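Worksheet: the structure to be examined is printed underneath.
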Amino acid sequence: MQMKQVNPIQLFDTESSTFTYLLAAPGQRAAVLIDPVERHWERDLAHLARLNLTLAYILETHAHADHVTSAGRLRELTGAKAAAPSGCGIAPAELQLADGDIIRFGEDEQIGVVHTPGHTAGSMSYLWRGNVFTGDTLLIDGCGRTDFQSGSAAALFDSAHNKLFVLPDETRVWPAHDYHGQSVSTIGWEKRHNARLANRTSAAFVALMAGLDLPKPKLLDIAVPANQNLGLPHG
């Protein structure tokens with residue numbers, strides 16, 4: 008039996024334009040956080056307490072380059088387990104995720120793990136109750152950059168078209184970032200209208216991405232090593 012679609016609680020960090028998602032089924036206490044941000048760990052704990060939720064898992068879509076995660080801190084404070092893509096070098100995470108894995112929490116809640124490389128080699132997307140959390144692989148009317156951190160434009164094009172755009176059109180798309188005041192889209196809309204990915208060949212997309220000439224992320228040298236340690240100090 009297909010479960011009813013339930014929207015996540017979407018939280019935002021204005022400094023890095025990062026979305027954090029809180030997943031909880033109606034009437035259940037177990038919850039999951041996706042891509043939490045270090046500066047908002049108290050906010051996220053307050054949401055859990057206010058809603059009488061118990062954090063079961065903290066998921067990372069990849070090792071972000073523009074902010075530091077609070078996964079390690081939240082794990083210590085709540086006893087939740089950290090889960091991360093196996094190809095992102097986040098060694099302290101208890102769950103090293105591979106394509107096709109299922110994360111189970113609460114009363115028969117399931118999150119499907121989909122390997123969607125391109126922004127980084129290990130990037131993952133997560134499926135839950137008619138929603139897909141796409142990290143930086145698929146943004147609203149765009150996509151993540153592919154010019155550093157083991158990125159590949161060809162791989163991202165393949166991930167979008169062969170892993171994400173094959174989902175039902177009504178699947179809601181929840182990205183890791185937004186820079187234009189948008190919060191949610193659908194697979195059907197992105198498949199037909201995404202400014203970078205729709206109506207374009209792989210070769211044309213690769214050429215487009217190669218010509219972007221984007222500046223280096225300000226926190227790249229700090230954020231990636233920190234995030235590979237779940238945001239905790241090394242040592």
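Numbering (our numbering), first residue to last: 8 to 242. Glycine is no exception: its CB is placed at the ideal position from the N, C-alpha and C atoms. In this text, all values refer to a predicted model and were calculated from it rather than measured experimentally.
Does the Cβ of residue i have 16 or more other Cβ atoms within 10 Å, making it buried, or fewer, making it exposed?
i, result
"residue 107", "exposed"
"residue 10", "exposed"
"residue 117", "exposed"
"residue 12", "exposed"
"residue 220", "exposed"
Can you grab the Cα-Cα spacing for the pair residue i / residue j, in whole Å?
i, j, result
"residue 136", "residue 231", "30 Å"
"residue 176", "residue 103", "29 Å"
"residue 134", "residue 66", "12 Å"
"residue 223", "residue 115", "42 Å"
"residue 165", "residue 31", "31 Å"
Let me check understanding here. Comparing Cα to Cα, which of the options lies closest to residue i?
i, options, result
"residue 237", "46, 28, 99", "99"
"residue 169", "109, 49, 198", "198"
"residue 40", "91, 72, 34, 22", "91"
"residue 58", "20, 130, 38", "38"
"residue 159", "213, 221, 224, 178", "213"
"residue 97", "111, 68, 122", "68"
Going by beta-carbon coordinates alone, are residue i and residue j separated by less than 7 Å?
i, j, result
"residue 62", "residue 85", "yes"
"residue 113", "residue 35", "yes"
"residue 74", "residue 23", "yes"
"residue 203", "residue 191", "no"
"residue 145", "residue 171", "yes"
"residue 181", "residue 155", "no"
Is it the case that the region 48-57 contacts the region 75-93, given that we only count it when at least three CB pairs across the two stretches are under 8 Å? yes
Is the region 115-126 touching the region 150-159 in the sense that three or more CB pairs, one from each, lie closer than 8 Å? The region 150-159 vs the region 115-126: in contact.
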